[in-house]
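End of the sequence shown sits at 122 in our numbering; the numbers just go up one at a time, nothing left out.
Note that the Cβ used here is the ideal one computed from N, Cα and C, for glycine as well.
Just so you know, these numbers come straight off a predicted model, no measurement behind them.
Here is the structure we will look at.
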Amino acid sequence: MPPPLTDGFAALSLVQEELEAYKLQCECGQKIEARRAELHASLDRVLVIDMRFFWNGVGNSLPRWLASLRVGLAAGRATFLWMSDRGFSDTPAATGRRLATERAIIWKRPA
Numbered sequence: 012m013p014p015p016l017t018d019g020f021a022a023l024s025l026v027q028e029e030l031e032a033y034k035l036q037c038e039c040g041q042k043i044e045a046r047r048a049e050l051h052a053s054l055d056r057v058l059v060i061d062m063r064f065f066w067n068g069v070g071n072s073l074p075r076w077l078a079s080l081r082v083g084l085a086a087g088r089a090t091f092l093w094m095s096d097r098g099f100s101d102t103p104a105a106t107g108r109r110l111a112t113e114r115a116i117i118w119k120r121p122a
């Protein structure tokens with residue numbers, strides 16, 4: 012199942028046609044999305060990939076981001092990309108000790 016859409020966008024006839032085509036022709040993709048949704052609903056197994064470094068624009072980076080998400084899904088984990096608008100090297104306060112502290116933060120499932 013594709014991600015939820017806003018009401019106005021979802022009401023467009025072109026969007027409705029595309030959703031119908033997806034439902035009829037993309038059974039494999041639907042199974043993958045259902046598994047992803049299941050993993051993200053429970054958050055029992057989580058993978059957070061630290062992607063906080065310089066990126067060369069969406070055209071170069073998007074395939075890498077998608078590959079990272081696919082690896083997490085293949086590992087059976089709800090996968091999240093930890094991103095920033097700039098890398099650590101661009102931040103003067105990003106000392107080695109601070110980096111070690113930030114990377115040591117352990118994500119805990121909310122109660």
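Item	Value
When you compare each of Ala22, Leu35, Lys42 and Ala52 to Ala89 by their alpha carbons, which one comes out closest?	Ala52
Measure the C-alpha to C-alpha separation of Val59 and Leu50 and round it to an integer number of angstroms.	13 angstroms
Would Thr94 and Arg63 qualify as a contact pair, given that the criterion is a beta-carbon distance under 8 angstroms?	The sequence as given places Met at residue 94; Thr does not occur at that position. Cβ distance < 8 angstroms, so Met94 and Arg63 count as in contact.
If you reduce the DSSP assignment to three classes, tell me which class Phe20 lands in.	helix
For Gly98, count the other beta carbons within 10 Å of its own beta carbon; 16 or more makes it buried, fewer makes it exposed. Which is it?	Low confidence applies to Gly98: its pLDDT is 48, below 50, so where it sits in the model is not reliable enough to give any reading.
Thinking just about the alpha-carbon of each residue, which of Leu84, Gly19, Leu73 and Leu23 is nearest to the one in Leu54?	Leu84
By the three-class DSSP mapping on this structure, what secondary structure does Ala123 have?	Only positions 12 to 122 of the chain appear in the structure, and residue 123 is not among them; the question remains open.
Buried or exposed: where does Asp101 fall if 16 or more other Cβ atoms within 10 Å of its Cβ makes it buried?	Here Asp101 scores only 49 on pLDDT, less than 50, and its place in the model is too uncertain to base an answer on.
Would you kindly report the start and end of the unbroken beta strand (DSSP E) that includes Leu58?	Val57 to Asp61
Which of the three DSSP states, helix, strand or coil, is assigned to Leu92?	strand
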